[in-house]
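I have placed the structure first, in the form of structure tokens, so that the comments after it can refer back to it.
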Amino acid sequence: MLRAPVAPRPRKRSRPVEAGVPKCAEAKFEDVRIFLVERKMGSSRRSFLTQLARSKGFTVEDVLSDAVTHVVSEDIRASSLWTWLKSRAPPNLSTIRVLNIGWFTDSMREGRPVAVETRHLIQDVSPEVSPPTPVTTVSQYACQRRTTTENRNKVFTDAFEVLVEKYEFSDMEGPSLAFRRAASVLKSLPWEVRSLQATQHLPCLGEHTKAVMEDILQHGRSFEVERILSDEKYQTLKLLTSVFGVGPKTAEKWQRRGLRSLSDVLAEPGIQLNRMQQSGFLHYGDISRAVSRAEARALGSIIDEAAHAITPDAVLALTGGFRRGKEFGHDVDFIVTTPQLGKEGNLLSDVIDVLKRQGILLFCDHQASTFDMSKLPSHRFEAMDHFAKCFLILRLEGRHVDGGLHSDEGDSRGWRAVRVDLVSPPMDRYAFALLGWTGSRQFERDLRRFARLERGMLLDNHALFDKTKKEFLAATTERDIFDHLGLEYMEPWQRNA
Ligand code: CTP
Ligand code: MN
Ligand code: MN
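Quick note on this note's numbering: the sequence shown kicks off at 15 and runs consecutively.
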């Protein structure tokens, strides 16, 4: 009889193999500072592990200060550990990761700090501790939080999003990002926040965010948010930026000229709208209305057919919010490319021509590729990648959509205008482009931040570069990229951060 291979029995207590531990190596991982909890571990094992880690280039702190990023404990009773930690009270306790010894031994084996996985977390096993939060199970990075489209904390995140917008309009990036991060953390929770107490171990929630939450918990609404919503300047900027092609800068300029409504803008003689803004005003009603999944599917068939008419080996992939499982979006995003390297730019132009001949191209902003592998890696983040792409408005016929158009009652035109984005990366960049265009924006931001701060790597829509090894890391699938980053794989529907 065949026997299944037997897995090696886990050693009872994983004593590191090295016998004589060499002296300190140069500190290699500047973003990780470990503190080993002596309780249960004992002082001699603690100093042995400290030396071992230092010999491998890890920074181990002797005292629990606010420089510490990772607390490692062999005492896995969360409640008593937490009480002990709180009695030491470093000011940033909520952002410190509290981990079991497994994370430490895995990191020693790999010779680098491994990504924190669920099995490394200290689970709260004590029944008398009430909050549903195990100690520090929520990462500060969105790319380590599985976030579906189901949001149980919408009352809070909607309020935060108003604040994000307000600060964005005032060009205050810091506070705007802080509220984005806070909203993203709450979206990832599989439970509803019912008290501030329950949020005490969550990362990325500051004084200001908590004050807003407290109002909502007590009064059902935030007074600060209500004040913003009733502010005339906010309302005007919100309305003007809702036009395709109008950003915060232009909106601000128009607002300063005393323009308050879309018709004010159109009636103002001195204003020159660019082509994008003209189309934005022309199709305003249609493109400010959400696109349904059925409409996205119909557009997918149209683009697929156009691409395959040009070359039978065309590759089409849905990306953006619909790939993440959203039911509605503000546009539909696709990758259109071909396995023939270097031919993807022409494919995109040809697809645009086909759409034009079909009479469904209402607007097209086509940007040719400026991609050049020899200019990589880019050390600063650029808002746009360098692939050939186009921002379109297409005419979608109701008869092509299962169940009909998602449109106003009483709209008898039988068609609507829809925003569509197409991007054409060369096939060897496909995995990076797919990961980058699937989003969400917050998920992407944190993937890049995680890569840079935790791994010394640079990630963008084109490539992944290892700064230590000074080399690019190849990937043919999204999974390859997560693997290079030492991250647990996240399905697209878990990236709604
Ligand atoms: N993106 C990008 N470069 C751009 C435009 C978009 O990398 N110049 C990426 C963004 O990172 C984003 C994704 O494309 O994650 C989709 O962008 P967008 O359509 O704006 O957002 P969605 O998540 O699809 O949201 P919605 O459903 O509202 O369209
Ligand atoms: Mn989109
Ligand atoms: Mn888009």
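Where is the CB? At the ideal position from N, CA and C, for every residue including glycine.
Could you tell me how far apart the beta carbons of V260 and G294 are, in whole angstroms, since I believe they sit closer than 8 Å?
Here residue 260 refers to the residue found at position 246 of the sequence shown. Here residue 294 refers to the residue found at position 280 of the sequence shown. Confirmed, Cβ separation roughly 7 Å.
How is L449 classed by DSSP in three states: helix, strand or coil?
Locating residue 449 in the sequence shown gives position 435, where the first residue counts as 1. In the structure shown, L449 sits in a helix (DSSP, three-state: H, G or I).
Residues that F405 bridges to, as DSSP identifies them:
Counting from 1 along the sequence shown, the entry for residue 405 is found at position 391. F405 is bridged to D379 and D435.
Grab the span of the beta strand (DSSP E) containing S87 for me, first residue to last.
On the sequence shown, position 73 is the one that residue 87 refers to. Start and end: H84 to S87.
Could you tell me the distance, in whole angstroms, from the CA atom of H344 to the CA atom of G335?
Position 330 of the sequence shown holds residue 344. Position 321 of the sequence shown holds residue 335. Going from the Cα of H344 to the Cα of G335 covers about 9 Å.
Relative to the C-alpha of P204, which candidate in V152, A320 and A173 has its C-alpha closest?
Residue 204 sits at position 190 when you count from the first residue of the sequence shown. Per the Cα distances, V152.
Is DSSP giving D300 helix, strand or coil here?
The sequence position of residue 300 within the sequence shown is 286, counting from 1. Helix.
Hey, is G450 close to ligand 2, as in C-beta under 7 Å from one of its heavy atoms?
Counted from its first residue, the sequence shown places residue 450 at position 436. The answer is no for G450.
Contact check, F43 vs P127 under 8 Å by CB: the rounded distance?
The count along the sequence shown starts at 1 and reaches residue 43 at position 29. The count along the sequence shown starts at 1 and reaches residue 127 at position 113. At roughly 5 Å, the Cβ-Cβ gap stays under 8 Å, so F43 and P127 are in contact.
Use the C-beta contact count for T83: other C-beta atoms within 10 angstroms, 16 or more gives buried, fewer gives exposed.
The count along the sequence shown starts at 1 and reaches residue 83 at position 69. That one is buried.
Would you mind sorting E187 into buried or exposed? The rule is 16 or more other CB atoms within 10 Å of its CB.
Here residue 187 refers to the residue found at position 173 when the sequence shown is read from its first residue. Exposed is the call here.
DSSP three-state label for N360, please.
Taking the first residue of the sequence shown as position 1, residue 360 is located at position 346. In this structure, N360 counts as helix in the three-state DSSP scheme.
Could you check whether the Cβ of H476 sits closer than 7 Å to any heavy atom belonging to ligand 1?
Locating residue 476 in the sequence shown gives position 462, counting from the first residue. Outside the cutoff, so no.
What are the boundary residues of the beta strand (DSSP E) that includes H479?
For the purposes of this step, residue 479 is identified with residue 465 of the sequence shown, where counting begins at 1. Note that residue 479 is Phe in the sequence shown here, rather than His. F479 -> beta strand (DSSP E) spans L478 to D480.
Name the two residues that bound the continuous beta strand (DSSP E) containing L313.
Within the sequence shown, numbered from 1, the residue matching residue 313 stands at position 299. It is not in any beta strand (DSSP E) - L313 instead sits in the alpha helix (DSSP H) that spans R307 to I324.
One question on the structure: do T519 and V51 come within less than 8 Å of each other, judged by their Cβ atoms?
What is shown of the chain runs 15 to 511, which leaves residue 519 out entirely.
Please state whether DSSP places R111 in a helix, a strand or coil.
Start at 1 with the first residue of the sequence shown, and residue 111 comes out as number 97. Residue state, collapsed to three classes: strand.
Have a look at P141 and G500 and give me their C-alpha separation to the nearest angstrom.
Residue mapping note: residue 141 aligns to position 127 of the sequence shown, counting from 1. Residue mapping note: residue 500 aligns to position 486 of the sequence shown, counting from 1. Unreliable placement is indicated for P141, whose pLDDT of 38 sits below 50; no coordinate value is reported for it.
Close beta carbons around S144, own chain, < 7 Å, minus the five adjacent residues each side:
Here residue 144 refers to the residue found at position 130 when the sequence shown is read from its first residue. Bear in mind that the predicted position of S144 carries a pLDDT of just 41, short of 50, making it too unreliable to give a figure here.
Please name the residue in R371, L216, D480 and R91 whose C-alpha comes closest to that of K201.
Translated into the one-based positions of the sequence shown, residue 201 becomes position 187. Per the Cα distances, L216.
Using the C-alpha atoms, what's the distance from V239 back to L219?
By one-based count along the sequence shown, residue 219 stands at place 205. By one-based count along the sequence shown, residue 239 stands at place 225. For L219 and V239, the distance between alpha carbons rounds to 17 Å.
With contact counted as at least three CB pairs below 8 Å, one residue from each stretch, are the segment 154–174 and the segment 455–462 in contact?
yes
When you compare each of F258, Q269, S236 and Q232 to Q249 by their alpha carbons, which one comes out closest?
Here residue 249 refers to the residue found at position 235 of the sequence shown. Selected option, being the one with the closest Cα: Q269.
Taking any heavy atom of ligand 4 as the mark, which residues have a C-beta closer than 5 Å to it, listed down the chain?
Here the bound small molecules are ligand 1, ligand 2 and ligand 3; ligand 4 is not part of this structure.
Is it right to say S58 is buried, meaning 16 or more other beta carbons lie within 10 angstroms of its own, or is it exposed?
As a position in the sequence shown, residue 58 is number 44, starting the count at 1. Under the 10 Å beta carbon count, S58 is surrounded by fewer than 16 other beta carbons and is classified as exposed.
Where do the ends of the beta strand (DSSP E) carrying M471 lie?
Position 457 of the sequence shown, counted from the first residue, corresponds to residue 471. Its beta strand (DSSP E) spans residues M471 to L473.
For A129 versus E502, is the C-beta distance shorter than 8 Å?
Residue numbering aside, residue 129 sits at position 115 when the sequence shown is read from its first letter. Residue numbering aside, residue 502 sits at position 488 when the sequence shown is read from its first letter. With respect to E502, A129 sits close: the two C-beta atoms are nearer than 8 Å.
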